[in-house]
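Trainee: For what it's worth, the numbering used here labels the leading residue of the sequence shown as 242, then goes sequentially.
Ideal placement from N, C-alpha and C gives every residue a C-beta, glycine not left out.
Values in this document were obtained by computation on a predicted structure and should not be read as measured data.
Provided herewith is a single structure, encoded as structure tokens, for subsequent inquiry.
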Amino acid sequence: MLITDDFLPIPVPESLSATYLVPMAGLPRVSPKTAVRALEGRLAEPVHGLATQMLDSPLMTVDTRSVDEFPQLPPDLLTAFGATEAQLGRLAAASHLVVVQAEYRPGWPPAHEWAARAVAAAVAESVDGDVVDVFGLQFLDPATALRSLPDAQGRVRLVDWVLVPYSSDAEGLWFTTKGLRRFGLLELQTQGVPDHLTRAWGAVMTGAARRLLRDWTDGLSGEEVPAFVQLPVLATVTGHDIAVAYGNPEQHGATAPVLLRLELDPATDPEADSFLSLRPPPGHPGPPGKYYAAACATLFSGIQPDVRYARPGDAMSKAIATARAGLDGVRARFLAGQLPPDSQLVVKYGLPGDEGPEFVWAGVTSWEAPERIVGASASEANTDPTVRIGSPVVVEAADVVDWALLDGTGVTEGGWTQAVLDAGEPPTA
242 MLITDDFLPI PVPESLSATY LVPMAGLPRV SPKTAVRALE GRLAEPVHGL ATQMLDSPLM
302 TVDTRSVDEF PQLPPDLLTA FGATEAQLGR LAAASHLVVV QAEYRPGWPP AHEWAARAVA
362 AAVAESVDGD VVDVFGLQFL DPATALRSLP DAQGRVRLVD WVLVPYSSDA EGLWFTTKGL
422 RRFGLLELQT QGVPDHLTRA WGAVMTGAAR RLLRDWTDGL SGEEVPAFVQ LPVLATVTGH
482 DIAVAYGNPE QHGATAPVLL RLELDPATDP EADSFLSLRP PPGHPGPPGK YYAAACATLF
542 SGIQPDVRYA RPGDAMSKAI ATARAGLDGV RARFLAGQLP PDSQLVVKYG LPGDEGPEFV
602 WAGVTSWEAP ERIVGASASE ANTDPTVRIG SPVVVEAADV VDWALLDGTG VTEGGWTQAV
662 LDAGEPPTA
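What follows is the structure in structure tokens.
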């Protein structure tokens, strides 16, 4: 095996397994084979065929057990990963669990995951029940589980298989992935991420997971499973990677690529997991958090600073008026926690300059007083050297000329002034 400074050898497990549960009160109404046959025509190939074949092979087992025979699932962690009170109630009331387990070699397709989830969803649908993904500690209703499986073109959304939880410490946010081990790859982590990049960096991590998973499965494409797969030490992430991971390939995210350095962080505790850490590339000056903020600004470049002016009555003035008319409403949604999941609110405001205002963006972190917004700059200002990506800012609401909601694919709501700029209206004085 060739080892160079440009590649990182990652060990490949001999086999992979998947476990799904279907809680139910009483015994199953139909056999797993009958339940899977009911999905014919609704479940795309090759998944339907994989599920049928694996049910007839020693690679899959489907057992019905008393709930007392299975270790109790932690309700606090299930809740943290989205379980509702109704789902937890059905689990508590269950007398039996249908346990679906499958095993397969590393590579693509991940037959163990696809087949086990399909069978579990089929069984759950037959009893109007839930699917519990043991690896992710997630409840899935049958329809959601089936939608997560490949479509007729073989496409899947990585966000249906890989989560990106985070926690906070004195150095900032610690992000990890939870799901790459389904495919045999080590999970990713990033430490010291600035607090205001909560949603943006989660999207970057998802895009990085997509890129590295593609490299990983390419390395497993031979007939024999290798002992190691070499991953590039400098991983490239683009807006396209993020868009595809979220299932929006048409939003191709044609942005400049961002480089991240991949390092192996082996666990010191034999019971703990090793990680692949994402860090700034070699030679980057300054703290890592500044690089992460700049990387987000590059990948979500649909929100950019713009310098210059609008005259009354032109398209830009109309865009500003539209944005300002919606400020109270979006503030109310922000305070009530009613913004779409995985979205970030940003505002555009003017900085005074000798030749007129420079308009820059900031991510909103607090908006308690209607007239004052607390946030972190998402732009590098030309006119004010203190306004840098990630720097704290206080914005007067009266200075706001636009707002937008961002997710991993770009602008999902708002951004009216940016739309005018993208349409090519020339700056006016």
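(1) From residue 402 to residue 601, what distance separates their C-alpha atoms?
(2) Grouping DSSP H, G and I as helix and E and B as strand, with all else coil, what is residue 661?
(3) Would you report the Cα separation of residue 283 and residue 327, rounded to the nearest angstrom?
(4) Using the beta-carbon count (16 or more within 10 Å), is residue 418 buried or exposed?
(5) Using the C-alpha atoms, what's the distance from residue 270 back to residue 457?
(6) Which parts of the stretch 456 to 513 are runs of the alpha helix (DSSP H), unbroken and 4 residues or longer, counting only runs that do not cross its ends?
(7) Apply the 10 Å Cβ neighbour rule to residue 288 and answer buried if 16 or more other Cβ atoms are within range, or exposed otherwise.
(8) For residue 668, count neighbouring C-beta atoms within 10 Å of its own C-beta (all shown protein chains included) and say buried if the count is 16 or more, exposed if not.
(9) At a cut of 8 Å, does the stretch 581 to 590 reach the stretch 638 to 647 through at least three beta carbon pairs?
(10) Determine whether the beta carbon atoms of residue 250 and residue 471 lie at a separation below 8 Å.
(11) Using the C-alpha atoms, what's the distance from residue 434 back to residue 311?
(12) I'd like to know whether the C-beta atoms of residue 630 and residue 531 end up nearer to each other than 8 Å.
(13) Which two residues bound the contiguous alpha helix (DSSP H) that contains residue 385?
(14) Should residue 290 be labelled buried (16 or more other beta-carbon atoms within 10 Å of its own) or exposed?
(15) Give me, in chain order, the residues of the same chain whose beta-carbon lies closer than 6 Å to that of residue 653; leave out the 5 immediate sequence neighbours on both sides.
(16) Applying the 10 Å Cβ sphere with the 16-neighbour rule, what's the burial state of residue 526?
(17) In the structure shown, what three-state DSSP assignment does residue 277 receive?
(18) Assess contact between the stretch 515 to 526 and the stretch 482 to 491, defined as three or more Cβ pairs (one per stretch) separated by less than 8 Å. Is contact present?
(19) On the CB-based measure, 16 or more other CB atoms within 10 Å of its CB, does residue 459 come out buried or exposed?
(20) Counting only runs that start and end within the stretch 250 to 314, where is the alpha helix (DSSP H) found for 4 or more residues in a row?
(21) Using the beta-carbon count (16 or more within 10 Å), is residue 599 buried or exposed?
(22) How many Å lie between residue 612 and residue 569 at the Cα?
(23) Out of curiosity, what's the CA-to-CA distance linking residue 588 and residue 641?
(24) At the level of alpha carbons, what is the spacing between residue 637 and residue 571?
(25) Apply the 10 Å Cβ neighbour rule to residue 374 and answer buried if 16 or more other Cβ atoms are within range, or exposed otherwise.
(26) Relative to the alpha-carbon of residue 480, which residue among 511, 505 and 448 has its alpha-carbon at the smallest distance?
(27) Taking just the CA atoms, how far does residue 422 sit from residue 268?
(28) In the structure shown, what three-state DSSP assignment does residue 585 receive?
(29) Using three-state DSSP, classify residue 632 as helix, strand or coil.
(30) Say whether the stretch 504 to 517 touches the stretch 614 to 631, bearing in mind that this needs 3 or more beta-carbon pairs closer than 8 Å, one atom from each stretch.
(31) What residue from 619, 264, 247 and 301 has the CA that sits closest to residue 344's CA?
(32) Using 10 angstroms around the beta-carbon of residue 309, count the other beta-carbons present and answer buried if the total reaches 16, otherwise exposed.
(33) Using the DSSP secondary-structure output, state which residues sit across from residue 428 in a beta bridge.
(34) Grab me the residues of residue 502's own chain with a C-beta within less than 7 Å of its C-beta, minus the 5 sequence neighbours each way, in chain order.
(35) In this structure, how does DSSP classify residue 575 when only helix, strand and coil are distinguished?
(36) According to DSSP, simplified to helix, strand and coil, what is residue 353?
Mentor: Let's see:
(1) Counting from one through the sequence shown, the residue named residue 402 turns up at place 161. Counting from one through the sequence shown, the residue named residue 601 turns up at place 360. Taking the straight line from one Cα to the other gives about 36 Å.
(2) On the sequence shown, position 420 is the one that residue 661 refers to. Helix at residue 661.
(3) The sequence position of residue 283 within the sequence shown is 42, counting from 1. The sequence position of residue 327 within the sequence shown is 86, counting from 1. About 27 Å.
(4) Stepping through the sequence shown from its first residue, residue 418 is reached at position 177. Buried: at least 16 other Cβ atoms inside 10 Å.
(5) Residue numbering aside, residue 457 sits at position 216 when the sequence shown is read from its first letter. Residue numbering aside, residue 270 sits at position 29 when the sequence shown is read from its first letter. Each residue's Cα considered, the two are about 40 Å apart.
(6) 480 to 486
(7) Position 47 of the sequence shown, counted from the first residue, corresponds to residue 288. Buried, since its Cβ has 16 or more Cβ neighbours within 10 Å.
(8) Taking the sequence shown and counting its residues from 1, one reaches residue 668 at position 427. Interpretation of residue 668 is limited by its pLDDT of 36, a score under 50 that renders its predicted location unreliable; no figure is taken from the coordinates.
(9) yes
(10) Sequence index remark: in the sequence shown, residue 250 carries index 9 (1-based). Sequence index remark: in the sequence shown, residue 471 carries index 230 (1-based). It is a contact, given that the beta carbons lie within the stated cut-off.
(11) Numbered from 1 along the sequence shown, position 70 holds the residue referred to as residue 311. Numbered from 1 along the sequence shown, position 193 holds the residue referred to as residue 434. Roughly 38 Å separates the two Cα atoms.
(12) Numbered from 1 along the sequence shown, position 389 holds the residue referred to as residue 630. Numbered from 1 along the sequence shown, position 290 holds the residue referred to as residue 531. Contact flag set, yes.
(13) Mapped onto the sequence shown, residue 385 falls at position 144. Here the alpha helix (DSSP H) through residue 385 covers 383 to 388.
(14) Working through the sequence shown from its first residue, we reach residue 290 at position 49. Classification for residue 290: exposed.
(15) Here residue 653 refers to the residue found at position 412 of the sequence shown. Around residue 653: 646.
(16) Along the sequence shown, read from residue 1 onward, the residue named residue 526 stands at position 285. The residue is exposed, with fewer than 16 neighbouring Cβ atoms inside 10 Å.
(17) Taking the first residue of the sequence shown as position 1, residue 277 is located at position 36. The answer is helix: DSSP assigns residue 277 an H, G or I state.
(18) no
(19) Reading the sequence shown from its first residue, position 218 is the one you call residue 459. Exposed.
(20) 273 to 278 and 288 to 296
(21) Mapped onto the sequence shown, residue 599 falls at position 358. By the neighbour-count rule (16 or more Cβ atoms within 10 Å), residue 599 is buried.
(22) The residue given as residue 612 occupies position 371 in the sequence shown. The residue given as residue 569 occupies position 328 in the sequence shown. Using only the alpha carbons, I get a separation of about 10 Å.
(23) Walking along the sequence shown from the start, residue 588 turns up at place 347. Walking along the sequence shown from the start, residue 641 turns up at place 400. Cα-Cα distance, rounded: 7 Å.
(24) The count along the sequence shown starts at 1 and reaches residue 637 at position 396. The count along the sequence shown starts at 1 and reaches residue 571 at position 330. Cα-Cα distance, rounded: 16 Å.
(25) Residue numbering aside, residue 374 sits at position 133 when the sequence shown is read from its first letter. Counting Cβ neighbours within 10 Å, residue 374 comes out buried, since at least 16 surround it.
(26) The sequence position of residue 480 within the sequence shown is 239, counting from 1. Taking only the C-alpha atoms, the option nearest residue 480 is 448.
(27) As a working mapping, residue 268 is identified with position 27 in the sequence shown. As a working mapping, residue 422 is identified with position 181 in the sequence shown. Whole-angstrom Cα-Cα distance: 32 Å.
(28) The residue you call residue 585 lines up with position 344 of the sequence shown. Three-state DSSP puts residue 585 in a strand.
(29) As a working mapping, residue 632 is identified with position 391 in the sequence shown. In the structure shown, residue 632 sits in coil (DSSP, three-state: anything other than H, G, I, E or B).
(30) no
(31) The residue you call residue 344 lines up with position 103 of the sequence shown. It is 301.
(32) As a first step, residue 309 must be located in the sequence shown, where it is residue number 68. Exposed, by the Cβ-count rule.
(33) Here residue 428 refers to the residue found at position 187 of the sequence shown. Its beta-bridge partners are 516.
(34) Indexing the sequence shown from 1 puts residue 502 at position 261. The answer, listed in chain order, is 474, 475, 520, 521, 522 and 523.
(35) Start at 1 with the first residue of the sequence shown, and residue 575 comes out as number 334. DSSP places residue 575 in helix when its eight states are reduced to three.
(36) Here the question's residue 353 lines up with position 112 in the sequence shown. If DSSP states are grouped into helix, strand and coil, residue 353 belongs with the helices.
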